[in-house]
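K.L.:
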Amino acid sequence: MHDTLREAMMQMGMGKTPVRSKKDLVAFLKKSKGVQYHENCRLIKEDWKRWMNGVWWGTGYTGELEPRAVPMLKLRDTLLAIGGEEACLPIQDPDLDHLMEYGQIWVVQKKVRMKRGEASRCHQNSAYLWQANRYYNAGIFGVATGYAMSDDGVWRQHSWCVLKKPRSYQIVETTTPRELYFGVCMLGSDAERFCESVCM
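Position in the sequence shown (from 1) plus 236 gives the number in the numbering used here.
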(Lines of atoms letter the chains of each structure in order from A and count residues from 1; the text may use other names and numbers.)
(Lines give C-alpha, C1' and ligand atoms only; values in the text may rest on other atoms or scores of the structure.)
Protein backbone atom coordinates (compact mmCIF):
# COMPACT_ATOMS: atom_id res chain seq x y z
CA MET A 1 0.00 0.00 0.00
CA HIS A 2 2.85 2.43 0.71
CA ASP A 3 3.83 2.92 -2.95
CA THR A 4 0.27 3.34 -4.20
CA LEU A 5 -0.57 5.71 -1.35
CA ARG A 6 2.52 7.80 -2.08
CA GLU A 7 1.55 7.93 -5.78
CA ALA A 8 -2.04 8.90 -4.97
CA MET A 9 -0.91 11.68 -2.65
CA MET A 10 1.42 13.08 -5.33
CA GLN A 11 -1.28 12.82 -7.99
CA MET A 12 -4.06 14.40 -5.94
CA GLY A 13 -1.72 17.00 -4.44
CA MET A 14 -0.83 18.07 -8.00
CA GLY A 15 2.68 16.63 -7.71
CA LYS A 16 3.72 19.52 -5.51
CA THR A 17 5.55 19.34 -2.22
CA PRO A 18 3.01 18.24 0.42
CA VAL A 19 1.88 20.81 2.95
CA ARG A 20 2.74 18.99 6.18
CA SER A 21 3.53 21.68 8.77
CA LYS A 22 2.54 25.16 9.89
CA LYS A 23 5.57 26.56 8.03
CA ASP A 24 4.50 24.77 4.82
CA LEU A 25 0.95 26.05 5.31
CA VAL A 26 2.07 29.68 5.67
CA ALA A 27 4.21 29.37 2.51
CA PHE A 28 1.31 27.76 0.63
CA LEU A 29 -1.14 30.48 1.70
CA LYS A 30 1.22 33.24 0.51
CA LYS A 31 1.32 31.72 -2.99
CA SER A 32 -2.33 30.70 -3.29
CA LYS A 33 -5.31 32.62 -4.56
CA GLY A 34 -8.85 31.85 -3.48
CA VAL A 35 -7.89 29.88 -0.37
CA GLN A 36 -10.45 30.23 2.40
CA TYR A 37 -8.39 29.38 5.47
CA HIS A 38 -8.01 31.85 8.32
CA GLU A 39 -7.12 31.28 11.96
CA ASN A 40 -10.19 32.97 13.43
CA CYS A 41 -11.70 30.02 15.27
CA ARG A 42 -14.09 30.48 18.15
CA LEU A 43 -12.55 29.99 21.56
CA ILE A 44 -13.54 26.81 23.33
CA LYS A 45 -15.94 27.52 26.18
CA GLU A 46 -14.41 27.15 29.65
CA ASP A 47 -16.70 24.32 30.80
CA TRP A 48 -16.01 22.39 27.59
CA LYS A 49 -12.25 23.01 27.97
CA ARG A 50 -12.37 21.74 31.58
CA TRP A 51 -14.14 18.60 30.41
CA MET A 52 -11.51 18.06 27.69
CA ASN A 53 -8.71 18.36 30.24
CA GLY A 54 -10.22 15.37 32.04
CA VAL A 55 -9.98 13.17 28.94
CA TRP A 56 -6.73 11.39 28.01
CA TRP A 57 -6.27 13.33 24.75
CA GLY A 58 -6.81 16.76 26.35
CA THR A 59 -3.74 18.99 26.45
CA GLY A 60 -4.33 19.63 30.15
CA TYR A 61 -4.78 15.95 31.11
CA THR A 62 -2.63 14.90 34.08
CA GLY A 63 -3.87 11.36 34.67
CA GLU A 64 -2.27 8.06 33.78
CA LEU A 65 -2.19 7.01 30.13
CA GLU A 66 -2.83 3.58 28.69
CA PRO A 67 0.27 2.49 26.73
CA ARG A 68 -1.79 2.08 23.54
CA ALA A 69 -2.81 5.77 23.70
CA VAL A 70 0.76 7.11 23.62
CA PRO A 71 1.25 6.90 19.80
CA MET A 72 -1.92 8.96 19.33
CA LEU A 73 -0.41 11.83 21.32
CA LYS A 74 2.22 12.27 18.61
CA LEU A 75 -0.60 12.73 16.11
CA ARG A 76 -2.32 15.17 18.50
CA ASP A 77 0.87 17.22 18.74
CA THR A 78 1.25 17.21 14.94
CA LEU A 79 -2.30 18.51 14.51
CA LEU A 80 -1.98 21.18 17.20
CA ALA A 81 1.32 22.38 15.71
CA ILE A 82 -0.69 23.18 12.57
CA GLY A 83 -3.44 25.04 14.42
CA GLY A 84 -6.39 24.71 16.76
CA GLU A 85 -6.72 24.24 20.50
CA GLU A 86 -7.50 20.55 21.00
CA ALA A 87 -7.64 17.27 19.08
CA CYS A 88 -10.42 14.85 19.98
CA LEU A 89 -8.94 11.41 19.28
CA PRO A 90 -9.95 7.76 19.40
CA ILE A 91 -7.77 5.55 21.59
CA GLN A 92 -6.40 3.91 18.40
CA ASP A 93 -6.56 4.82 14.72
CA PRO A 94 -6.03 2.09 12.09
CA ASP A 95 -4.60 4.75 9.74
CA LEU A 96 -2.13 6.21 12.26
CA ASP A 97 1.05 4.97 10.55
CA HIS A 98 -0.10 6.25 7.14
CA LEU A 99 -1.18 9.58 8.61
CA MET A 100 2.18 10.10 10.31
CA GLU A 101 4.14 9.14 7.19
CA TYR A 102 2.00 10.57 4.37
CA GLY A 103 -0.56 12.86 6.00
CA GLN A 104 -0.74 16.36 4.64
CA ILE A 105 -2.78 19.50 5.11
CA TRP A 106 -5.67 19.93 2.67
CA VAL A 107 -6.72 23.57 2.49
CA VAL A 108 -10.10 24.70 1.18
CA GLN A 109 -9.42 26.25 -2.23
CA LYS A 110 -12.16 28.64 -3.39
CA LYS A 111 -14.98 26.68 -1.77
CA VAL A 112 -15.94 23.24 -0.57
CA ARG A 113 -18.20 21.26 -2.87
CA MET A 114 -21.11 19.92 -0.83
CA LYS A 115 -22.63 16.50 -1.48
CA ARG A 116 -24.83 16.23 1.58
CA GLY A 117 -24.93 12.85 3.29
CA GLU A 118 -26.14 11.67 6.68
CA ALA A 119 -25.11 13.75 9.70
CA SER A 120 -22.19 12.34 11.73
CA ARG A 121 -21.49 9.62 9.13
CA CYS A 122 -18.64 11.22 7.22
CA HIS A 123 -16.67 7.97 6.75
CA GLN A 124 -19.61 6.06 5.25
CA ASN A 125 -20.86 9.08 3.25
CA SER A 126 -17.42 9.63 1.70
CA ALA A 127 -17.01 5.92 0.97
CA TYR A 128 -20.40 5.74 -0.79
CA LEU A 129 -19.64 8.92 -2.74
CA TRP A 130 -16.27 7.55 -3.87
CA GLN A 131 -17.87 4.23 -4.87
CA ALA A 132 -20.50 6.09 -6.92
CA ASN A 133 -17.78 8.06 -8.76
CA ARG A 134 -14.90 5.59 -9.01
CA TYR A 135 -15.45 4.71 -12.68
CA TYR A 136 -16.84 8.00 -13.94
CA ASN A 137 -14.03 10.04 -12.36
CA ALA A 138 -11.31 7.36 -12.16
CA GLY A 139 -7.94 8.80 -11.21
CA ILE A 140 -9.26 12.27 -10.41
CA PHE A 141 -11.63 11.51 -7.54
CA GLY A 142 -10.19 10.21 -4.28
CA VAL A 143 -11.44 9.43 -0.81
CA ALA A 144 -9.49 10.97 2.06
CA THR A 145 -9.38 10.16 5.74
CA GLY A 146 -7.71 11.76 8.72
CA TYR A 147 -8.75 14.71 10.87
CA ALA A 148 -10.46 18.03 10.26
CA MET A 149 -10.50 21.17 12.38
CA SER A 150 -13.91 22.70 13.02
CA ASP A 151 -14.56 26.38 13.64
CA ASP A 152 -14.31 25.75 17.39
CA GLY A 153 -10.59 24.96 16.98
CA VAL A 154 -11.00 21.23 17.72
CA TRP A 155 -9.63 18.53 15.40
CA ARG A 156 -11.87 15.48 15.01
CA GLN A 157 -11.56 12.25 13.06
CA HIS A 158 -13.05 12.82 9.62
CA SER A 159 -13.29 11.56 6.04
CA TRP A 160 -14.00 13.53 2.86
CA CYS A 161 -13.45 13.27 -0.89
CA VAL A 162 -10.99 15.13 -3.11
CA LEU A 163 -11.65 16.09 -6.73
CA LYS A 164 -8.56 16.83 -8.79
CA LYS A 165 -8.84 19.97 -10.92
CA PRO A 166 -6.49 21.05 -13.75
CA ARG A 167 -4.32 23.19 -11.44
CA SER A 168 -5.60 22.45 -7.96
CA TYR A 169 -8.01 20.21 -6.07
CA GLN A 170 -11.42 20.67 -4.48
CA ILE A 171 -12.56 19.20 -1.18
CA VAL A 172 -15.90 17.42 -1.48
CA GLU A 173 -17.63 17.44 1.90
CA THR A 174 -20.57 15.23 2.92
CA THR A 175 -21.42 16.70 6.34
CA THR A 176 -20.25 20.18 7.43
CA PRO A 177 -17.41 22.20 5.89
CA ARG A 178 -14.36 22.40 8.13
CA GLU A 179 -11.64 25.03 8.52
CA LEU A 180 -8.69 22.76 7.76
CA TYR A 181 -8.13 19.12 6.83
CA PHE A 182 -5.20 16.79 7.54
CA GLY A 183 -5.07 13.30 6.11
CA VAL A 184 -4.26 10.93 3.29
CA CYS A 185 -6.07 10.67 -0.04
CA MET A 186 -6.59 7.22 -1.55
CA LEU A 187 -7.29 6.01 -5.08
CA GLY A 188 -7.85 2.58 -6.63
CA SER A 189 -7.38 -0.50 -4.46
CA ASP A 190 -6.45 1.56 -1.37
CA ALA A 191 -9.73 3.47 -1.66
CA GLU A 192 -11.64 0.22 -2.19
CA ARG A 193 -10.13 -1.30 0.98
CA PHE A 194 -10.99 1.83 2.97
CA CYS A 195 -14.57 1.85 1.67
CA GLU A 196 -15.05 -1.83 2.46
CA SER A 197 -13.76 -1.32 6.00
CA VAL A 198 -16.12 1.57 6.81
CA CYS A 199 -19.21 0.22 5.01
CA MET A 200 -19.34 -3.21 6.68
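Every residue gets a Cβ at the ideal spot worked out from N, C-alpha and C, and that includes glycine.
What you are looking at is a predicted structure, and each value in this text was computed from that prediction instead of being measured.
1. How would you write the range of the alpha helix (DSSP H) that residue 314 sits in, first residue to last?
2. Going by other Cβ atoms of all chains shown within 10 Å of its Cβ, with 16 needed for buried, is residue 279 buried or exposed?
3. Residues in its own chain within less than 7 Å of residue 351 by CB, not counting five upstream and five downstream?
4. Pair every Cβ in the segment 317-332 with every Cβ in the segment 373-391, then say whether three or more of these pairs are closer than 8 Å.
5. Which whole-angstrom value is the C-beta distance of residue 431 and residue 379, which I expect to be below 8 Å?
6. Would you mind sorting residue 433 into buried or exposed? The rule is 16 or more other CB atoms within 10 Å of its CB.
7. Measuring alpha carbon to alpha carbon, tell me which residue in 307, 299, 427 and 341 is nearest residue 317.
8. How about residue 399 and residue 377: are their beta carbons less than 7 Å apart?
9. Is residue 405 helix, strand or coil when you go by DSSP?
10. To which residues of the same chain is residue 395 closer than 6 Å at the C-beta, ignoring the five residues directly before and after it?
11. Under three-state DSSP, which class holds residue 436?
12. Name the two residues that bound the continuous beta strand (DSSP E) containing residue 337.
13. In chain order, what residues of the same chain lie with their CB nearer than 7 Å to the CB of residue 397, ignoring the 5 residues before and after it?
P.N.:
In brief:
1. 306-318
2. exposed
3. 365, 408 and 410
4. yes
5. 7 Å
6. exposed
7. 341
8. yes
9. strand
10. 358, 359, 362 and 381
11. coil
12. From DSSP, residue 337 is part of no beta strand (DSSP E) but of the alpha helix (DSSP H) over 332-338.
13. 362, 365, 366, 377, 378, 379, 380 and 408
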